[in-house]
Amino acid sequence: MLALLSALICGSAAAVERIKVVALFTDKAMVEIDGVRRLLKAGASSPEGVKLISANARGALIEVDGRREQYRLGASYGGNFARAKAFEVRIARNPQGAFVTVGTINGRQVQMLVDTGATAVAMSEPEARRLGIRYRLNGKRSGVRTASGYARAYQVTLDQVQVGEIALRNIEAVVIEGDSPTQVLLGMSFLRQVEMDVGDAVLVLRDEP
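Per this note's numbering, residue 35 is the first one in the sequence shown, and the count goes up by one each step.
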C-alpha cells in the first residue's frame, strides 16, 4: 500500500506540465499548477506533488520530482522546468558622467539616476505624488542627510521597482520633503539585490535567478 501511494505521488509530479508563481509572501507562495491555483507554505506539497521549499519577495524555490529550481513571480515554466535565465541591463554613462536609465515604480514610468551613495531609492514629494505613492498616509516620518543638509522625509515601501527586465518587489524608499532630488535616485535598497559591474562607459546590472 505504501509503495503504491509513493508511486502515485511520484506519478503526479511527473505529470505536471506547467507551473506559474502568481503571488509571493514570506515562506508562502500562490502557485498555479496546470491551471489550478494552490497556496503553499514552505515545506508543504500540493496534491500534484509540487513542493514549496522557500519563498520571499524575489521568488520561490520549488521542488518537482526531486529537482529544485528557483521560480520568478509571473514567469511560467513547463516541459523540463528549465532554470530561469539571468536578466541583464546595460546602462550607458551620459556626458555628465552619470548612469541614468528609465524604469518603472509601481508600474509607472520614471527616469532614475543610479546612486550607490543613497541607502535607499529616493524621490521628491512632487515625484511621489505623480507616481501615486501615498507617503503621508502610509509612510513613516524620518530624516535624511542630503548634499544640502538635513531634510525631513517619509519612509515607504514600494510594491515594485523595475529596470529593464529586472523587477524587484517590496523595495525600501524615502520621499524627501520639497522638490529635491529632481530625479529619482536608484539607491542601494535596489542595487544591493543585484550584481553590478561598473565599466568606463557602461554599468551592467545583473539579476541571477
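Glycine included, every Cβ here is placed at the ideal spot set by N, Cα and C.
Since this is a predicted model, take the numbers as computed values, not measurements.
| query | result |
| --- | --- |
| Reference V70; option with closest CA among V50, Q227, N204 and D61 | V50 |
| DSSP-derived helix/strand/coil call for S79 | strand |
| Burial state of Q196, where buried means 16 or more other Cβ atoms lie within 10 Å | buried |
| Pairwise C-alpha distance: E211 and T180 | 11 angstroms |
| For V155 and V190, the rounded distance between their alpha carbons | 10 angstroms |
| Whether V232 touches D241 by CB criterion (9 angstroms) | no |
| Distance between R92 and I53 (C-alpha atoms, nearest Å) | 17 angstroms |
| R226 versus S80: straight-line alpha-carbon distance, rounded | 34 angstroms |
| Rounded distance between the beta-carbons of V123 and G198, thought under 8 angstroms | 4 angstroms |
| Assigned secondary structure, L42 (DSSP; H/G/I helix, E/B strand, else coil) | Note that L42 scores a pLDDT of 36, beneath 50, so its modelled location is shaky; the value from the coordinates is reported in the next line. Looking at L42 - three-state DSSP - the assignment turns out to be helix. |
| Cut-off 8 angstroms between Cβ atoms - residues of its own chain near S223, not counting five sequence neighbours on either side | T153, A154, V155, I205, E206 and A207 |
| Distance, L219 Cα to R244 Cα | The shown model of the chain, from 35 to 243, leaves out residue 244, and the question about it has no answer. |
| Nonlocal neighbours in the same chain, by C-beta distance under 8 angstroms from D234, ignoring five residues either side | R127 |
| Neighbour-count burial assignment, Y169, 16 or more Cβ in a 10 Å radius | buried |
| Simplified DSSP assignment, three categories, for R106 | coil |
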